[in-house]
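Shown next, in C-alpha cells, is the structure this report addresses.
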Amino acid sequence: MNAHVMTGTGAAAHPQAGHDGTARLWPWLDRLCTFIEYFCGAVLAVDVGVVFVSVILRYFLHSPVDWAEEAARGLMVTLVFLGGATVLARRQHVGIEVFRGLLPAAWREPAVQLGGWAVAGVSGALCYSSWELLLDSVNVTTPIGSPQWLSVLPVFLGALVMTVVGIANAVSGARRATWTTLAAAIALCVAVWAWNSYLPEAWAIRPWLLLTLAFLGSLLAGVPIAFVLALSALVYFLAEPTLPLIIYSQQVMAGMDHFVLLAIPFFVLAGLVMEANGMSTRLIELLVRMFGRVRGSMNLITILATAFFSGVSGSKLADIAAVGGIVVPAVRRTEQDVNETAAVLACSAVMAETIPPCVNLIILGFVANISIGGLFLAGLVPAAVLATGLSAMAIYFGRKIDPRRAFPVRMPWPQLLGGAVIALVMVGMIGKGVTSGVATSTEVSAFAVVYALGAGALAFRELTLRAIVALFVRAAAMAGGILFIIAAASSVAFALTVQQLPGFLSDTMTQLAHNYGSTAFILVSALLMVVFGAILEGAPALIIFGPLLTPIAQQVGVHPLHFGTVVVIAMGLGLFSPPFGLGLFATCAMTGTRVEQVSRPMVKYLVLLVIMLIVLIFVPAISLWVPRLMNMA
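Written out as C-alpha cells, the structure is:
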C-alpha cells in the first residue's frame, strides 16, 4: 500500500524517484524539465520580490504600484502550469494507489498504463483548449492595459510540456501493454462517442454520468488527483454540446488567477526556509531539553512542534516533513516505537489544520467568501482543544526516555533560546499582520519569506546561495503541485454548477436542516468532508463543497466561522485516516513506516479526535470565542 506523494522530501519523494523512465527515454526532455524547475524557482523569487516591494511602497512610502497585483498573479499562473509539468515529469503529483489494489492482479499493470494515457490525453486536451484561448485573447487587454495573451501563454506552454511528458511516461512501460492499452482507450472513446451520436437521445449517456464514471475509473487506476479532476471535467465538457472546449482552459486558469492564493507558495517557502536555516532543529532540541523527562515526551514534542510549525508554513506536508525529519531519528535513537510516533504525527496534522496560516483555511476563505483573518482566529481555540486531548493521551500511553540519547551532540543553550525567539517573532508577525487587517495573508506571507531568509543568512548563518536556490526550486515544485490541484478542481466545480448540483444539494441540505435542525446539518456536512477529504485530498474537497455548503449553513443559522473550522478539521480527519487518507501515506513515506503498522496505534488517537470534533460541533462558542473577542464575528 503506497501512494505517489508530492512532498519534496524523503526517499519516496526524491527528485529523481520514479522519473528514470522519462530520463532514459528522452534525455533532452529531462534537461528541459530541469531548466523549467530552476526557471520556476526564479519566478517564485521574483513574485516574492514584487509583493514585498509593493507592500513597502504602499504602506511605508505611500506610493502604491498599480500593476503589482496583476504581475504577481501572472507570475503565479506561470509557476502553476510550468511547475505542474515538472512535477509530472518527476512523477510526484499527489495520487492514491490503494484503490488499484482492489483490482485483480492481472488488471493492475494495464490500469497503470491506462492511467498514463489518461494523463497524456488530458494534457493534450488542455493544450488544445489553451491554444484556442490564446488565439482568442490576442486583441484583448487587461484592466491595466497589458496584453491578455501574456497571461494565457504559460497555460499553453505548461500544457504542451505536460503533453510531451505524459506521452513519455505512458510509453515507458512494456511495449505490448503500452500499445494495447492505447488502442483500448481509443476504442472506448470512439464507442462512447458513437453511442451518443447515433442512438436515440433517450439512450445517450448523460454528461454527469460520464463525469462520474471518469472520476471513479481514473481514481481506481491510480491517476494523480489533479488529473482525476481534470479528466472528469474534460469528459463533461466534451459530452455537453452547449460548452465549447475553450471554456475548459478558461475555467482551469480561472481557478488560479487570484492574488490571495499566492499566500500558499509563499508560506510553503517560508516553512522550508525555516527547516533549512536551522530554526526547526533548534526548536525541537529545545523542546526535548525542556520536556524530555516527561512521560511520553517524544510524542508530546511531536504534537507541540507540529502546532508550532503549522503557524509558519501553512502546508501540512511541509509541517510533517519539518517535524518528522528531526523527531523520527531522535525517536529511533531513544528506542521508542516509531509507528506510534508516526500515528501521533499524522493525528497532529489533523489538529493543526486550523492553526493559521493553514493553506486549507486560506482556500476555504477564498472559495466560500469567508474572512480569512476571521478563520485564522476561529481556528486557534479548536486547535488548542485538540492539541490538549492528544497531549494527554500521548502522556498516558507513553513512557519515559533519556533525553540525552535523542540529541547526542547538544547545542549550547543560548543558541537554542535565540533560535526559538527568532522563530516566535516570525509566528507573531504572521498572526498580528493577518488578524489586525494591516496586510493581507499574501502580503504577510511575503514578509515571512524575507524574514526567514534574513534570519537564516544573518542570525544562523546556515543558508548559502546554493541552498537558497535549491529551496526556491523545491518550494516552486511543491506549490505547483498543490495549486494545480486547485486549478483542476475549479473546472470540476464549474461543471457541477452547470449540472445544477449546487441547487440540488442546497435543497436537500436545507430540508435536512429544517427537519432535523442546524446541528444535524453540520454533522452531515462534517461526514461528507471526512469521506471526500480521504478520496479527493483536502483542497479539491474544500473547493467543490465549501461554496456549496457555506451559504446553506448561513441560511440555517450556523455562523460561517464555526462552520469553516468544523469542515476543515473534518476534511483533515479524512485526509490523515486509514485506509485511504493520502496524508497518512505521506506521513508513512516520510517516517519510513508502513500504513498497516501505523494504523493500529493510530486508532485510539482517531477516536479521540472524532469525539472532540463532535464536541466542537455542539459547542460553537469554542470556535467563536476569539473572533468575538476581536470583534470579527
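In terms of my numbering, the sequence shown has 104 at position 104, counting the first letter as 1, and numbering is strictly consecutive. For each residue, glycine too, the CB sits at the ideal point set by N, CA and C. Owing to the predicted nature of the structure, the values given are computational and were not obtained by experimental measurement.
In this chain, D257 is not harboured by any alpha helix (DSSP H), its DSSP state being neither H nor E. Taking a 10 Å sphere around the C-beta of M571, we find 16 or more other C-beta atoms and assign the residue as buried. Taking each of F376, A394, I167 in turn and checking the Cα distance to A118, the smallest one comes out for I167.
The beta carbons of A378 and T565 sit about 5 Å from each other, so the pair counts as a contact at 8 Å. With contact defined as three or more Cβ pairs closer than 8 Å, the region 516–535 and the region 570–584 are in contact. Beta-carbon to beta-carbon, S445 and F309 are separated by about 15 Å, too far to satisfy the 8 Å threshold. Between L390 and V46, the alpha-carbon positions lie close to 41 Å from each other. The three-state secondary structure of P147, taken from DSSP, is strand. Straight-line measurement puts the Cα of L57 at about 14 Å from the Cα of V48.
According to the DSSP assignment, H562 belongs to the alpha helix (DSSP H) that extends over 560–575. Under the three-state reduction of DSSP output, T281 falls in the helix class.
Non-local beta-carbon contacts of G433 in its own chain, meaning distances under 8 Å to residues more than five positions away in sequence, involve A439, E443, V444, F447 in chain order. A Cβ-Cβ distance of about 20 Å is found for the pair G84 and A221, leaving them out of contact under the 8 Å criterion. T302 carries a helical assignment under DSSP once its states are collapsed to helix, strand and coil. Closest by C-alpha distance to G431, out of L458, T354, P547, is T354. The three-state secondary structure of T178, taken from DSSP, is helix.
The DSSP-derived three-state label of T141 is strand. DSSP assignment within the region 473–547 yields the following whole alpha helix (DSSP H) runs of 4 residues or more, N-terminal first: 501–516, 518–536. Residues L364, V367, A368 of the same chain have their beta carbon placed closer than 6 Å to that of G546, with the five preceding and five following residues left out of the count. Counted as a single uninterrupted DSSP element, the alpha helix (DSSP H) harbouring S445 occupies residues 441–454.
In the three-state scheme derived from DSSP, where H, G and I count as helix and E and B as strand, D47 is classed as helix. According to the DSSP assignment, T388 belongs to the alpha helix (DSSP H) that extends over 380–397. The beta carbon of L624 is closer than 8 Å to those of A378, H559, L561, H562, A633 in its chain, skipping five residues each way along the sequence. The DSSP-derived three-state label of P329 is helix.
When only Cα atoms are considered, G292 and L465 end up about 35 Å apart. The alpha-carbon separation between V77 and E462 amounts to approximately 32 Å. By the C-beta criterion, the region 409–419 is judged to be in contact with the region 279–294, since at least 3 inter-stretch pairs fall below 8 Å. Contact check for A270 and A452: beta-carbon distance about 5 Å, within the 8 Å limit, so the pair qualifies.
R58 sits in a helix when the DSSP states are folded into three classes. When the alpha-carbon of G398 is set against those of I544, V294, G481, T34, the nearest one is in V294. Counting other Cβ atoms within 10 Å of its Cβ, S218 reaches 16 or more and is therefore classed as buried. A straight-line Cα-Cα distance of about 25 Å links V469 and C358. For F407, no alpha helix (DSSP H) encloses it, and the DSSP letter there is neither H nor E. The alpha carbon of A68 has as its nearest neighbour, out of V323, S54, A42, G145, the alpha carbon of S54. Straight-line measurement puts the Cα of Y236 at about 45 Å from the Cα of L304.
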